[in-house]
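One structure is given below, encoded as structure tokens.
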Amino acid sequence: MLRLLGEYLILMFETFKKPDKWPVFKRQLMIEFIGLGVDSIGIVAIISVFSGAIVAIQTAYNIDSPFIPLTMVGFTTRQMMILEFSPTIISLILAGKAGSRIASEIGTMRVTQQIDALRVMGVNPANYLILPKITASMLFNPILIIFSIGLGIAGGWFACIFTNLVSSADYIEGIQAWFEPFTVTYAIIKTLVFALIISSVSGFLGYNVEGGSVEVGRASTKAVVYSSILIIFFDLILTQMLLV
Amino acid sequence: MIEVKNVSKSFNDKQVLNNISTVFEKGKTNLIIGQSGSGKTVLMKCCIGLEFPETGMIDFDNRPFSTVSEKRRTDIRKEMGVLFQGGALFDSFNVEQNVMFPLNMFTNQTLQEKLDRVNFCLKRVNLENVSKLFPSELSGGMMKRVAIARAISNSPSYLFCDEPNSGLDPKTAEVIDALISEITEEYDITTIVNTHDMNSVLQIGQKISFLYKGHLWWEGDKTSILETENAELQDFVFSTELTRRLKKR
Ligand SMILES: Nc1ncnc2c1ncn2[C@@H]1O[C@H](COP(=O)(O)OP(=O)(O)OP(=O)(O)O)[C@@H](O)[C@H]1O
Ligand SMILES: [Mg+2]
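Take a look at the structure:
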């Protein structure tokens, strides 16, 4: 375990170096923006809209006391999306999507000697392969999360209108109530940490594959499992640090 | 010129290379031959710095390589071209991007200059009209040739080829061999080729090093190899029916 951590840190040390060639780095970065970011918009959108709707409906059904105003529905949906749902659950989903993609791509390059080929050309493979993925994730995931928060809140609104449980005016009043901008900062901080976890852990696991296609498969499963566990673990730590 | 001095290497107590000393000469095709498992690939990996010898050292034109820092090694690596056994083409890039890769990485040429160089290299390995194809769309022989084109695109001073013609038909194998030896002479490169194919040995072997169980057992050229009295080498050379028949005559 300690050895694993050591190896991880050494690899990150290699990764976070100045790229050999900026134009090459930029091109790689654009490819990763598409592969890791843009390609995830669809799934993030669907899950966010539905989750926002579900949170809104459940809250509305659970309010049976006349003393609790219906504006609570909008308020709860907004808080849920910002504080926990968008940063954590969407990051977990991205761990599955992006993590397995990163680990299997880099792992395949390892077992087919493409990484050796890079090294003997005089390229730093960790820097060339992993840094664009980490950078792309850390820049694009916050955008995805903001997008998810917006869609979740919109999803809740649609649900209220369709089910007639809460009026549009109440919902909109609710989502504006007691708004603390810091919660969004908190969501973005969490997202950044989770993005770093997903991309670097998956990159590490792919980079150290030894063997063949079976090991590549195993590495991509591990990438999802390890990054999910680490996300939950750091969620707890960050919540303690930032909110309490 | 690459000098290998007293190089030994073992994996988990298994001695794979045993005190190897030799010189790979400039402008020549230097062959490393030997049976499967004799240590050819390990020796080549030591030369390109993917493995490190436990004792001894490897120098490139009097510049130490195996014993210096990774940074200084990287400088020498920029003068190397390596052809891996499986080709190791980048599968997310097409042929043109593969061959252009070393130029993108290490030169400041304009796109047009790079394209000219890529087309020149592809032509040199007799490949045309494939520049937009991806590695998965190529045959084995074509992949090898693209890999050669990539290895020579940045005009290396040292060229390493691990079994360049394994898995190819005899005709294509001969074309690849001829290509490697022509390029070597044309650009005065120090070329090292691993092979266990006697056809290549007789076709392009200007300097031959025979590895036997991790020892450097014999050195010579393609003429002297046929007259050798060395029992293990004879065993290797005349291991096929064809060569045995030739010997009888
Ligand atoms: N990374 C490694 N770990 C442990 N043993 C290894 C490693 N690499 C090579 N060996 C061992 O070293 C010996 C020599 O292997 P090498 O790959 O150099 O053979 P070779 O001469 O290239 O054979 P072939 O013609 O089949 O390619 C083999 O016995 C192999 O098991
Ligand atoms: Mg070999």
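Chains as they are written, first to last, in my numbering: chain A, 72 to 315; chain B, -5 to 243.
Built from N, CA and C at the ideal position, the CB exists for glycine as well.
query	result
Cα-Cα separation between A:Leu307 and A:Leu314, rounded to whole angstroms	10 Å
Under 8 Å between C-beta atoms of A:Thr147 and A:Ile216	no
Secondary structure of B:Asn120, DSSP reduced to three states	coil
Nonlocal neighbours in the same chain, by C-beta distance under 8 Å from A:Glu78, ignoring five residues either side	Phe275, Asn279
beta-carbon A:Glu85 near ligand 2 non-hydrogen atom, thresh 7 Å	no
Own chain residues within Cβ distance below 6 Å of B:Gln79, not counting five before or after	Asp156, Glu157
Heavy atom of ligand 1 within 7 Å of B:Val36 beta-carbon	yes
Rounded separation between B:Lys197 and B:Tyr152 - CA only	Looking at the sequence shown, residue 197 of chain B is not Lys but Gln. Their backbone Cα atoms lie some 20 Å apart in a straight line.
Reduced DSSP category for B:Leu132 - H, G, I as helix; E, B as strand; rest coil	coil
Option nearest B:Glu45 by Cα separation, candidates B:Asp53, B:Phe54, B:Thr35	B:Thr35
heavy atom of ligand 2 below 7 Å from B:Asn188 C-beta	yes
Pairwise C-alpha distance: A:Arg149 and B:Met99	48 Å
Distance between B:Gln9 and B:Ile177 (C-alpha atoms, nearest Å)	35 Å
Beta carbon of A:Ser171 nearer than 8 Å to that of A:Val287	no
Straight-line gap, A:Tyr132 to A:Phe253 (C-alpha atoms, nearest Å)	29 Å
Nearest to A:Gln185 (by Cα), restricted to the options B:Lys207, B:Thr234, B:Arg144, B:Lys22	B:Arg144
Burial state of B:Ala172, where buried means 16 or more other Cβ atoms lie within 10 Å	exposed
Interface residues of chain A facing B:Leu44 [CB-CB closer than 8 Å]	Asp187, Arg190, Val191
Length at least 3, wholly inside the stretch 199 to 273 of chain A: the beta strand (DSSP E) runs in chain order	none
Inter-stretch contact (C-beta, 8 Å, three-pair minimum) for the stretch 219 to 232 of chain A and the stretch 152 to 168 of chain A	yes
Within-8 Å CB hit, A:Asp91 to chain B	yes
Whole-angstrom C-beta distance between B:Val140 and B:Val62, which should lie under 8 Å	Their Cβ separation, rounded to whole angstroms, is 32 Å, which puts B:Val62 and B:Val140 out of contact at 8 Å.
Meets three-Cβ-pair contact criterion under 8 Å: the stretch 206 to 213 of chain B and the stretch 46 to 57 of chain B	no
Per DSSP, the bridge partner or partners of A:Trp93	Answer is none; A:Trp93 lacks a bridge partner.
B:Gln91 in three-state terms, based on DSSP	helix
Buried versus exposed call for A:Leu200 [16 or more other C-beta atoms within 10 Å across all chains shown]	buried
CB-CB length for A:Ser162 against A:Ile259, believed under 8 Å	Not quite, the Cβ-Cβ distance comes to about 12 Å (not below 8 Å), so this is no contact.
Assigned secondary structure, B:Ser147 (DSSP; H/G/I helix, E/B strand, else coil)	helix
Helix, strand or coil at B:Asn24 according to DSSP, with G and I counted as helix	strand
Neighbour flag for B:Met99 against chain A, beta carbons, 8 Å	yes
Chain B within 8 Å of A:Gln184, Cβ atoms only	yes
Neighbour flag for A:Val194 against chain B, beta carbons, 8 Å	yes
CB contact below 8 Å: A:Val95 versus chain B	yes
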